[in-house]
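>
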Amino acid sequence: MQPDLDLAPGKPPGPSRPGLASMRARAPWAFRWETGLALIVVIIGVAGVAASPNFLTSANLFNLGLSNGEIAIMALPMTLIIISGEIDLSVSSTLGMSSCLLGFLWSRHWPMIAIFVVIAIVGLAAGAFNGLLVTRVGLPSLAVTIGTLTLYAGIAEILLGPNTVSNFPTAYTNLGVNAVPFTGNAITYSTAIFAVLAVIFGVILHATPAGRSIFAMGASPEAAMFAGIRVKRIKTVLFMVSGLVCSLAGVLYTFRLSTAVQNNGVGLELDVVAIVLVGGISIFGGQGSIPGVVLGVLAFVGIQNVLLLTNFNQEASGVVAGGLLLLSVFGRNAASYSTRLRQRLPARGRRPAEGPAPGQATAGSQP
Amino acid sequence: MTATVLRREPPETPAESGSTKLTERVYRIRESGIIVVLALFVAVTAGIQHRFVSVSNIQFVLVNTAIFALLALGETMVVVSRNVDLSVGSVLGISAYLSASLFGGHHGFPVPVVFGAGLGIGLGWGIVNGLLVAAGRVPSLVVTLATLYIIRGIDILIVGGSMVTANSLPTGFLGIPKETVLGVPDIALAVAVVVAAGAYYLRSFRSGRELYAIGSNPEAARLAGIPIGKRVLFAFAVSGAIAGVAGVLWAAQYGTVDSTAGSGYELTVVTAVVVGGVAIFGGSGSAVGAALGALLLATINSALYVLGISDFWDQAIAGFLLILAITMDRVISVKLTAALRLRSTRRAA
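So the protein sequences, as listed, match chains A and B. So the first sequence is numbered by the numbering used here: it starts at 1 and just counts up by one. So the second sequence is numbered by the numbering used here: it starts at 368 and just counts up by one.
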């Protein structure tokens, strides 16, 4: 099932055409997922400029950052978790819980600094709860985080009930809606935080031993364990980082809307997972890159924006997001489809086919 | 996950070894566990507030359970085959709107045709999901996440800002959830029959057992000659069809249908199924258990309301229950595996 787009030299030459194979060997970057995605982003950009003169203005870029900053930020820890072979669906509820905690404590006249500390601790604890259930109790992360998705959203509901807190000081809410100084009014604070975090996460994932071990445990947890990688500890830390980053996203979300209400962030987890998968991360773990996810963010945000500028019903943009998601998984599988087809077609005349590779037989199996 | 590896598929001889009996017993314990929790909950709540066991409240709970129990049956078939269908909420929504809008203008539209339309819409989407998963060989989590978006988006494009309101629907249609036989709501009876049929299919039909085999070990199932693609496609088609019918029931129950109908239901349904003892990675669990899981969630919901506890606690309790259920399943399965291993070493000695 692994598409192996970037592992071409390691594959046996097999039935694939010699021209293509030598091209792959000479320029492997041309066959990477990220290259195709970058092309799509450029196409979206050109289409956007063609569709509306407002597309490449700083005001539009600012609005894009404003409305997608939190989702983009949450996509970064999600990337690491999915590469490590797990999934965290509780991200949006952690955001909501953090937002409600902010409102709850502020309405009880806590100083803002103390609130931030509490929120950070609660975020870490929420992530640790996920991580410990997954690694120490040995439960599937899909089930655990569907449970905590409901649980944390429930805690958010309990905290605020039907109330809305919106009397936050303007010094803070300005951070949510103003641009970072000296950036020509194009960069929001959430965009800036995303950029900084993307660099940090990228360096950790691609240039440190810890990052390599995340890939290793995603490819094969057992092999990683026998190689001396502390699989359980690293996974727990990843979930905790996710909890912390989502709490931060919750604070940004609250200040942007100047409102803490119990349904803040509901449903965002699907957007986050969609972005990460569009960014070329394999749902089975062990494959993907942070630059890919950054491109995934751009593609996702860009398409929604083009649709907005062309007066497409904004709420229905899920059609496009879902289509993008399907395209990305089928695109990744395209190589294996053509191999299967080639194996099947001439096999009739000659000797019987060897049958599909073992990994391909598990139709629709979950990670 | 429960120790499905040890379970043999169709029992060939009546004198099946002790391991099957032991696992059978554990599953029965698992289902009776939910019944005990349910009974405790009802007893405590009724002790505090007698209104909880009044006929009208029980009817209310049963009607509320019906749609979720129905959806849980379809989801169970998908989940035992080691897949998941996240698109049920969206399918329910689009089916609710399209089928209810058939009444637009003329109230005389035959109700069975409306149900048929809902079924057809759901079946269509179920087949789309099934084909993408089975033929496209893409994980169902990703496929149904995508169709969740796509179907809801199409729904929004069709509905726009409008909605179907109760006064455009015939009273006979709106009265369906209120009809009773001997005090039991018709809907609940019908759903009970459907769930029983589904449970019987999964338990006793060859193709039903094969769904468990696929979920238990896909590779072994393939080597055993089970047509995995066909079975998985069938499970998704049934799940979709059921969601379509549930959409029509939803329209009858709530009367007002806009483009948000059923959003977020997928998580409630998965929660009910998992609380009901169906392993999220396939291979074990029963349709009756899943229906009991749905009943438990609806009962808790109603109990909170009757006790005057804000229903803001509802979600937190559901989430907590889900985590508790999977943790218990895990502990039981570890113990069971150990017990079975001990037994087989003893027999070998």
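Backbone N, C-alpha and C define an ideal beta-carbon position, used for all residues, glycine too. Nothing here was measured: the structure is a model prediction, and the numbers come from that model.
In the DSSP assignment, the alpha helix (DSSP H) including Pro221/A goes from what residue to what residue?
Numbered from 1 along the first sequence, position 221 holds the residue referred to as residue 221/A. Where Pro221/A is concerned, the enclosing alpha helix (DSSP H) starts and stops at Pro221 to Phe226.
> Can Ala179/A and Thr188/A be called in contact, C-beta distance under 8 Å?
Within the first sequence, residue 179/A is the residue found at index 179, counting from 1. Within the first sequence, residue 188/A is the residue found at index 188, counting from 1. Yes, the Cβ-Cβ distance between Ala179/A and Thr188/A is below 8 Å.
> Count the other CB atoms, across all protein chains shown, that sit within 10 Å of the CB of Arg108/A; report buried if there are 16 or more and exposed otherwise.
If you number the first sequence from 1, residue 108/A lands on position 108. So Arg108/A counts as exposed.
> Can you have a look at Ile113/A and say buried or exposed, based on whether 16 or more other CB atoms are within 10 angstroms of its CB?
One-based indexing of the first sequence puts residue 113/A at position 113. Flag for Ile113/A reads exposed.
> For Thr188/A, list the residues DSSP reports as bridge partners.
The residue labelled residue 188/A in the question sits at position 188 within the first sequence. In DSSP, Thr188/A forms a bridge with Ala179/A.
> According to DSSP, is Ala299/A helix, strand or coil?
The residue labelled residue 299/A in the question sits at position 299 within the first sequence. The answer is helix: DSSP assigns Ala299/A an H, G or I state.
> Would Ala299/A and Leu324/A be called neighbours here (beta carbons separated by less than 8 Å)?
Locating residue 299/A in the first sequence gives position 299, where the first residue counts as 1. Locating residue 324/A in the first sequence gives position 324, where the first residue counts as 1. For Ala299/A and Leu324/A, yes; Cβs fall inside 8 Å.
> Quick one: residues in its chain with C-beta nearer than 8 Å to the C-beta of Ile234/A, no 5 flanking neighbours on either side, listed in chain order?
Within the first sequence, residue 234/A is the residue found at index 234, counting from 1. Here the set comprises Ser84, Ala210, Ser213, Ile214 and Met217.
> What do you reckon, are the CB atoms on Gly127/A and Val241/A nearer than 8 Å?
In the first sequence, residue 127/A corresponds to position 127, counting from 1. In the first sequence, residue 241/A corresponds to position 241, counting from 1. Result yes, Cβ atoms of Gly127/A and Val241/A sit closer than 8 Å.
> Is the Cβ of Phe226/A closer than 8 Å to any Cβ of chain B?
Translated into positions along the first sequence, residue 226/A becomes position 226. It does not: the Cβ of Phe226/A has no partner Cβ on chain B nearer than 8 Å.
> DSSP state of Ser700/B, grouped into three classes?
Sequence index remark: in the second sequence, residue 700/B carries index 333 (1-based). Reduced to three states, the DSSP call for Ser700/B is helix.
> With a threshold of 8 Å, are at least 3 pairs of Cβ atoms found where one atom belongs to the segment 677-691 of chain B and the other to the segment 144-163 of chain A?
yes
> So, Leu536/B versus Ala467/B, is the Cβ gap smaller than 8 Å?
Translated into positions along the second sequence, residue 536/B becomes position 169. Translated into positions along the second sequence, residue 467/B becomes position 100. It is a contact, given that the beta carbons lie within the stated cut-off.
> Could you give the distance in angstroms between the alpha-carbon of Pro367/A and the alpha-carbon of Ala143/A?
Numbered from 1 along the first sequence, position 367 holds the residue referred to as residue 367/A. Numbered from 1 along the first sequence, position 143 holds the residue referred to as residue 143/A. Note that Pro367/A has pLDDT 41, beneath the 50 cutoff, so the model's placement of it is unreliable and no number is given.
> Do Ser454/B and Thr514/B come within 8 Å of each other at the CB atom, strictly closer than that value?
In the second sequence, counting from the first residue as 1, residue 514/B sits at position 147. In the second sequence, counting from the first residue as 1, residue 454/B sits at position 87. Yes; because the gap between Cβ atoms is below 8 Å, this pair is in contact.
> DSSP on Val451/B, reduced to helix/strand/coil?
Locating residue 451/B in the second sequence gives position 84, where the first residue counts as 1. Reduced to three states, the DSSP call for Val451/B is coil.
> Any beta-carbon of chain A closer than 8 Å to the one on Thr666/B?
Reading the second sequence from its first residue, position 299 is the one you call residue 666/B. No, no contact with chain A.
> Cβ of Ser468/B less than 8 Å from any chain A Cβ?
Reading the second sequence from its first residue, position 101 is the one you call residue 468/B. Cβ-Cβ to chain A under 8 Å: no for Ser468/B.
> Taking 8 Å as the CB-CB cut-off, is Thr514/B touching chain A?
Here residue 514/B corresponds to residue number 147 of the second sequence, with the count starting at 1. By this cut-off, Thr514/B is an interface position.
> Spell out the partners DSSP gives Pro552/B in its beta bridges.
The sequence position of residue 552/B within the second sequence is 185, counting from 1. According to DSSP, which records beta bridges pairwise, Pro552/B is partnered with Thr547/B.
> Measure how close the beta-carbons of Trp106/A and Val177/A come, nearest whole angstrom, since I'm counting them as under 8 Å.
Walking along the first sequence from the start, residue 106/A turns up at place 106. Walking along the first sequence from the start, residue 177/A turns up at place 177. About 18 Å separates the two Cβ atoms, so there is no contact after all.
> Which two residues bound the contiguous alpha helix (DSSP H) that contains Phe482/B?
Working through the second sequence from its first residue, we reach residue 482/B at position 115. Unbroken alpha helix (DSSP H) run through Phe482/B: Val478 to Ala501.
> Check whether the Cβ of Arg697/B lies closer than 8 Å to any Cβ atom in chain A.
By one-based count along the second sequence, residue 697/B stands at place 330. Yes, Arg697/B lies at the interface with chain A (some Cβ there is under 8 Å from its Cβ).
> Please return the same chain residues whose Cβ sits closer than 7 Å to the Cβ of Tyr253/A, not counting the five positions on each side in sequence.
Sequence index remark: in the first sequence, residue 253/A carries index 253 (1-based). Taken in chain order, the residues that qualify are Glu70, Leu95, Ser99, Asn264 and Gly265.
> Tell me whether Phe239/A, by its Cβ, gets closer than 7 Å to a heavy atom of the ligand HEM.
As presented, the structure is devoid of all ligands, the ligand HEM included, so that no description of it is given.
> Do Thr412/B and Ala670/B have their C-beta atoms within less than 8 Å of each other?
The residue given as residue 412/B occupies position 45 in the second sequence. The residue given as residue 670/B occupies position 303 in the second sequence. Contact: yes.
> So Phe330/A contacts chain B; which residues on that side make the cut at Cβ distance below 7 Å?
The residue labelled residue 330/A in the question sits at position 330 within the first sequence. Per Cβ cutoff of 7 Å: Gly503 and Val505.
> Tell me whether Trp680/B is buried or exposed, calling it buried when 16 or more other Cβ atoms sit within 10 Å of its Cβ.
As a working note, residue 680/B is residue 313 in the second sequence. So Trp680/B counts as buried.
> Could you say if the segment 637-656 of chain B and the segment 691-707 of chain B meet the contact criterion of at least three C-beta pairs nearer than 8 Å?
Counting Cβ pairs under 8 Å, three or more are found: they touch.
> Could you tell me the distance, in whole angstroms, from the CA atom of Ser247/A to the CA atom of Ile121/A?
Here residue 247/A refers to the residue found at position 247 of the first sequence. Here residue 121/A refers to the residue found at position 121 of the first sequence. Between Ser247/A and Ile121/A, the C-alpha separation is close to 9 Å.
> By the 10 Å Cβ neighbour count, where 16 or more other Cβ atoms means buried, how is Trp33/A classified, buried or exposed?
Translated into the one-based positions of the first sequence, residue 33/A becomes position 33. With 16 or more Cβ atoms within 10 Å of its Cβ, Trp33/A is classed as buried.
> Would you check if the distance between the CB atom of Val134/A and the CB atom of Glu269/A is smaller than 8 Å?
Within the first sequence, numbered from 1, the residue matching residue 134/A stands at position 134. Within the first sequence, numbered from 1, the residue matching residue 269/A stands at position 269. With contacts defined by Cβ atoms closer than 8 Å, Val134/A and Glu269/A do not form a contacting pair.
> What separation, rounded to the nearest whole angstrom, lies between the Cα atoms of Leu707/B and Ala657/B?
In the second sequence, the residue the question calls residue 707/B occupies position 340. In the second sequence, the residue the question calls residue 657/B occupies position 290. Leu707/B and Ala657/B: Cα-Cα distance of roughly 26 Å.
> Give the single residue among Val673/B, Ser507/B and Leu429/B whose Cα lies nearest to the Cα of Phe648/B.
For the purposes of this step, residue 648/B is identified with residue 281 of the second sequence, where counting begins at 1. The candidate whose alpha carbon is nearest that of Phe648/B is Ser507/B.
> Pairing CB atoms from the segment 470-489 of chain B with CB atoms from the segment 593-612 of chain B, are three or more of them under 8 Å?
yes
> Measure how close the beta-carbons of Val409/B and Ala501/B come, nearest whole angstrom, since I'm counting them as under 8 Å.
Residue numbering aside, residue 409/B sits at position 42 when the second sequence is read from its first letter. Residue numbering aside, residue 501/B sits at position 134 when the second sequence is read from its first letter. Their Cβ separation, rounded to whole angstroms, is 42 Å, which puts Val409/B and Ala501/B out of contact at 8 Å.
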